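S.K.: Pasting in a structure now, in structure tokens, and then I'll have a few things to ask.
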Amino acid sequence: MTATSERRRRQAGPCAALAALCLCSAMLLAACGGHDDPAPAAFEVKTLSSRPDMVSGGDTLLQVRAPEGVALDKVRVSLNGKDVTSQLTARDEPSRTLRGLVSGLTEDAGSPTGSSNSVVVTNADVSAQRTELKLVNYPIAGPILSGPHITPYECRTVQNGLGNPLDGNCSATTQVVWYYRTAAGTFAPLADPTGPRPADLVNTTTNEGRTVPYIVRVESGTINRGVYRLAVLDNPVKDGPATWKPGPGWNRKLVAFFDCCGSAQYNQGVHPISSILGDLGHVPLSRGFAFVNSTELWNNQHANPHLQGETLMMIKEHVIEAFGEVPKWTAGSGGSGGAIQQYLIAQLYPGLLDGIQPIVSFPESLMPEVMECRLLNNVYKAAPAVWTTEKQNAVNGFNTNTCTSWDLSFASIIKSDNAAGCGLLEPANQAKVFNRATNPAGIRCDFFQTNVNLLGTRPGTQEARRPIDNIGIQYGLAALNRGAITVQEFLDLNEQVGGYDPDGNTRAARMQADAGALEATYSGGFKNSFTGAGLSNIPIITQRNNADAVGDIHDTTQDLIIRARLQRANGRSDNQIIWTAGSTLNLLTMMGSSLDLLNAWLDNIAADAAPASIDKVVRNKPAGAKDACWDKANARIVETASLDPAAQCNKVYPRFGTPRMVAGAPLTNDVLKCQLKPVDMADYAVPFSDADKARLGGIFPAGVCDWSKAGAGQVPLKGTYLRLPLD
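All you need for the numbering used here is the position in the sequence shown, starting with 1, plus 691.
Quick look at the structure:
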């Protein structure tokens, strides 16, 4: 047994991936002597747990279907020349089928392109009846597609309750424990899972109508350097099967949870076991869903969608291998940075998520308003008597104090010397943090650096290129034109707003994107175009219960920005519904209603044999799959979400904008660097003096944004399942 397979066994069979089925081509041997005998029929060989070119951890769930007339006891399966037939067993469905977890794949941890393996299926009685499937295996610690892992990388296995790390990739011994739901509505450890049941154990009835003891099996381990938790209903008994498989409590469906925020940490992250249990876990688990999360599916770790999608791919591979079958479908759930991950992974890794439930959405992590709020606030702070709250709101577009919240919470995500953002505990690593004066080659604590495999580096440095730019942006243009600010204030604002230097510090001059960074950002999907089948062919339930909040960064207009991009990309957006509510509607209630609706929607789609399409998604909408809001008394109003201030829902929960939308950007809000046009006084609804005109020209010597055009470097998405770095 290889070291990899031993470690794999120790870790309860790590690995994840797309449940794509790959039919191999047959290698048929020609008959001798020029006879016209037909070639024997090929075997159908599929990897169920992953694509065959993206296997991880040294094993794969393999399915072999024999041609008509071939008895299963005559089928022989070998891996790299070694017979592994005994690792597969016969199945009734599909007929003439063998399935099993085949282990022992070779691994080359140092190869960025994986290690080649060969599965050969033959007929013991007919030597010419032979089919080969090539596999490529990667380490369970990754990477597969996302490019070299960041360094340094501090382990958090101890903090996650998994003991000391096993290696430099922060691997840990897999742990399995059981919890039960108490009559008090909490989860408690089940010390003896096969012993007498606690008196306060309750039952749950799944969405398939099965009533079972509410006992949850929780598996914890490491995949792609992140700590995962996998929970599912279970009812362990003494003398059970040697190899665990889920029982009748599992409804054959999977929900993946994506966690919030956004940062650039150089560590593994900490998700206690309560992160998979608790109230958030109760919503899917009580209904029978398997529920999984990972510290790498926490946007606060690295905000890297390619790494996150790869991690979900590998986790799904592990779930399929551990459960012995492909889930009927997989749904996403999670808010803020968790919503970002769902949108981006659905675009970049189509097929991993069959439906998504983004809460308090943003379309991506790279949003200019996050950074520009700090620039605008600096102007306001310099003249507080001039910049009243009303004038700030008019320029910002946001609700009151939203820009202040962005400034305080997330603007530092682009500061390379933000040592706290690096999340390092070891003094030796803390001493390595970047400082332009004292340590210019140090660890850069910005989220461009955690995406360096996509963005590339500035010439002669290890510094990630940056796609941020505000040349030509006329901040407050709409506010000026409607008389909310004066010409003098408009000119002062745009003269003083400044930008960021290459390390994320504010400066007087505006900022320009690094050469090549814009093209990499768009072609690699770091800025979400919402194009392709990934987001058009799945149900999207965009939801929030913060619409009455003041100063919350999670503004409601983001839902409509997302819809506008779907509409532009696909000519329609009716595979998305938008639910809007205030704080009086309990979030868990909304999440439960969303999951029940999505369950019906995806079951309808699964029962429809037609090829995947947006038409298929829309025609399978269940009752209730409509835009709606809930007023402050929690009465449901069915109404198409819009920016119309006269709409019933917008009278209850007014919608706002963003600084760039006030500057003239379209609702899609995805231009990072605008194309320029000459200053045209016809664009202003108020008179400018000759002196004002001269000053305006001095502020914008190269011209102002032409929002009617696509952004500079705004190229199409290059593809899906991209291997980084891009060519």
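The C-beta atom is built at its ideal place from N, Cα and C for all residues, glycine as well.
Remember, predicted model here, so these are calculated numbers, not experimental data.
#1: Could you check if D910 is buried or exposed, using at least 16 other CB atoms within 10 Å of its CB as the buried criterion?
#2: Can you give me the C-alpha to C-alpha distance between V928 and L1115, rounded to a whole angstrom?
#3: Look at the Cβ atom of P843, then the Cβ atom of N1120, and state whether they are nearer than 8 Å.
#4: On a Cα-Cα basis, can you pick out the residue from A1272, G1088, K825 and P975 that is closest to V811?
#5: Excluding the 5 residues preceding and the 5 following Q956 in the sequence, name in chain order all residues of the same chain whose CB lies nearer than 6 Å to its CB.
#6: Taking Q1187 as part of the beta strand (DSSP E), name the residues at either end of that continuous run.
#7: In the DSSP assignment, find the unbroken alpha helix (DSSP H) run with N1144 in it and report its ends.
#8: Among the candidates L1288, V1395 and D1250, whose CA atom is the shortest distance from the CA of T1331?
#9: The beta strand (DSSP E) spanning F1263 covers which residue range?
#10: Since L1363 contacts L1209 with CB under 8 Å, what's their CB separation in whole angstroms?
#11: Give every residue of the same chain whose Cβ lies closer than 7 Å to the Cβ of G725, excluding the five residues on either side of it in the sequence, and list them in chain order.
#12: Is the separation between the beta-carbon of T986 and that of G917 shorter than 8 Å?
#13: Among S777, A1206, A933 and G1215, which has the Cα closest to the Cα of S837?
#14: With DSSP as the reference, identify every bridge partner of S794, one or two as the case may be.
#15: Within the continuous beta strand (DSSP E) that includes T902, where are the two ends?
#16: For T804, does the count of other Cβ atoms within 10 angstroms reach 16, so buried, or fall short, so exposed?
#17: Near G1000, what residues of its chain come up, given a Cβ to Cβ distance below 6 Å and the 5 sequence neighbours on each side ignored?
#18: With burial defined as no fewer than 16 other Cβ atoms inside 10 Å of the residue's Cβ, what is the status of T913: buried or exposed?
#19: Quick one: what's S1304 bridged to in DSSP?
#20: Give me the DSSP bridge partner(s) of R872.
#21: Can you check whether the CB of R1198 is closer than 8 Å to the CB of D1205?
#22: I'd like the list of long-range same chain contacts for Q820, defined as Cβ closer than 6 Å, with 5 residues on each side in sequence excluded.
#23: Does the pairing of the stretch 827-835 with the stretch 790-803 give three or more beta-carbon distances under 8 Å?
#24: Count the other CB atoms, across all protein chains shown, that sit within 10 Å of the CB of N1090; report buried if there are 16 or more and exposed otherwise.
#25: Just checking my contact of P1419 with V1329 at CB under 8 Å: how many whole Å lie between their CB atoms?
#26: Here's a check: name, in chain order, each residue in its chain whose Cβ is nearer than 7 Å to the Cβ of R1327, leaving out the five neighbours to either side.
#27: Between A1301 and the rest of its own chain, which residues show a CB-CB distance below 8 Å, the 5 nearest in sequence each way excluded?
#28: Taking C-beta to C-beta, are P921 and T1021 nearer than 8 Å?
#29: Taking the alpha carbon of P1059 as the point to measure from, which residue in Q866, Q1234 and I1104 has its own alpha carbon closest?
#30: Span of the beta strand (DSSP E) holding F948?
#31: Decide if L1279 is buried, meaning its Cβ has at least 16 other Cβ atoms within 10 Å, or exposed.
#32: For N1069, I'd like the list of residues in its chain whose CB is within less than 7 Å of its CB, leaving aside the five on either flank, ordered along the chain.
#33: For V1010, write down the residues that DSSP places opposite it in a beta bridge.
M.R.: Concretely, from the data shown:
#1: Indexing the sequence shown from 1 puts residue 910 at position 219. Sequence check: residue 910 is Glu here, not Asp. By the neighbour-count rule (16 or more Cβ atoms within 10 Å), E910 is buried.
#2: Mapped onto the sequence shown, residue 928 falls at position 237. Mapped onto the sequence shown, residue 1115 falls at position 424. The alpha-carbon atoms of V928 and L1115 are separated by roughly 43 Å.
#3: The residue you call residue 843 lines up with position 152 of the sequence shown. The residue you call residue 1120 lines up with position 429 of the sequence shown. With respect to the 8 Å criterion, P843 and N1120 are classified as neighbours on the basis of their beta carbons.
#4: Numbered from 1 along the sequence shown, position 120 holds the residue referred to as residue 811. That would be K825, whose Cα lies nearest to the Cα of V811.
#5: Locating residue 956 in the sequence shown gives position 265, where the first residue counts as 1. Within the same chain, Cβ atoms closer than 6 Å to the Cβ of Q956 are found at Q992 and G1114, the five residues on either side in sequence being excluded.
#6: Counted from its first residue, the sequence shown places residue 1187 at position 496. Note, Q1187: premise wrong, no beta strand (DSSP E); alpha helix (DSSP H) at V1178 to Q1187.
#7: Indexing the sequence shown from 1 puts residue 1144 at position 453. V1143 to L1146 is the span of the alpha helix (DSSP H), which, as asked, contains N1144.
#8: By 1-based counting over the sequence shown, the position of residue 1331 is 640. That would be D1250, whose Cα lies nearest to the Cα of T1331.
#9: The residue you call residue 1263 lines up with position 572 of the sequence shown. Note on identity: in this sequence residue 1263 is Arg, with Phe being the wrong assignment. Unbroken run through R1263: none, as it is neither H nor E.
#10: Taking the first residue of the sequence shown as 1, we reach residue 1363 at position 672. Taking the first residue of the sequence shown as 1, we reach residue 1209 at position 518. The C-beta distance from L1363 to L1209 rounds to 6 Å, short enough to fall under 8 Å.
#11: Here residue 725 is taken as the residue at index 34 of the sequence shown, counted from 1. At G725, the pLDDT of 42 sits below 50, so the modelled position is not reliable; the number obtained from the coordinates is stated separately. When the five nearest sequence neighbours on each side are left out, no beta carbon in the same chain lies closer than 7 Å to the beta carbon of G725.
#12: Along the sequence shown, one-based indexing puts residue 986 at 295. Along the sequence shown, one-based indexing puts residue 917 at 226. Their beta carbons are under 8 Å apart, which means T986 touches G917 by this criterion.
#13: In the sequence shown, residue 837 corresponds to position 146, counting from 1. Nearest C-alpha to S837 among S777, A1206, A933 and G1215: G1215.
#14: Locating residue 794 in the sequence shown gives position 103, where the first residue counts as 1. Answer is D750.
#15: Here residue 902 is taken as the residue at index 211 of the sequence shown, counted from 1. According to the DSSP assignment, T902 belongs to the beta strand (DSSP E) that extends over T902 to P904.
#16: Start at 1 with the first residue of the sequence shown, and residue 804 comes out as number 113. Answer is exposed; the Cβ neighbour count stays below 16.
#17: Within the sequence shown, numbered from 1, the residue matching residue 1000 stands at position 309. Answer for G1000: I1036, L1039 and Y1040, listed in chain order.
#18: If you number the sequence shown from 1, residue 913 lands on position 222. By the 10 Å Cβ count, T913 comes out buried.
#19: Residue mapping note: residue 1304 aligns to position 613 of the sequence shown, counting from 1. DSSP output for S1304 lists no bridge partner at all.
#20: Working through the sequence shown from its first residue, we reach residue 872 at position 181. DSSP output for R872 lists F878 as bridge partner(s).
#21: Taking the first residue of the sequence shown as 1, we reach residue 1205 at position 514. Taking the first residue of the sequence shown as 1, we reach residue 1198 at position 507. No, the pair does not count as a contact, with Cβ atoms beyond the cut-off.
#22: The count along the sequence shown starts at 1 and reaches residue 820 at position 129. P731 and N814, listed in sequence order.
#23: Counting C-beta pairs with one atom in each stretch, the stretch 827-835 and the stretch 790-803 have three or more that are closer than 8 Å, which means they touch.
#24: By 1-based counting over the sequence shown, the position of residue 1090 is 399. Buried, because 16 or more other Cβ atoms sit within 10 Å of the Cβ of N1090.
#25: The requested residue 1419 is not part of the displayed model; the chain covers only 692 to 1418.
#26: Within the sequence shown, residue 1327 is the residue found at index 636, counting from 1. Excluding residues within five positions, the ones whose Cβ falls inside 7 Å are A1319 and W1321.
#27: Within the sequence shown, numbered from 1, the residue matching residue 1301 stands at position 610. Take A1301, set aside five residues on each side of it, and the residues of its chain with a beta-carbon closer than 8 Å to its own are K1307, in chain order.
#28: The count along the sequence shown starts at 1 and reaches residue 921 at position 230. The count along the sequence shown starts at 1 and reaches residue 1021 at position 330. First, the residue type needs correcting, since residue 921 is Leu and not Pro in the sequence shown. No, the pair does not count as a contact, with Cβ atoms beyond the cut-off.
#29: Counted from its first residue, the sequence shown places residue 1059 at position 368. Checking every option, the nearest Cα to that of P1059 belongs to I1104.
#30: The count along the sequence shown starts at 1 and reaches residue 948 at position 257. Start and end: L945 to F948.
#31: Translated into the one-based positions of the sequence shown, residue 1279 becomes position 588. Counting the other Cβ atoms within 10 Å of the Cβ of L1279 gives fewer than 16, which makes it exposed.
#32: Numbered from its first residue, the sequence shown carries residue 1069 at position 378. Cβ neighbours of N1069 beyond the five flanking positions: T1197.
#33: Looking up residue 1010 in the sequence shown gives position 319. DSSP lists no bridge partner for V1010.
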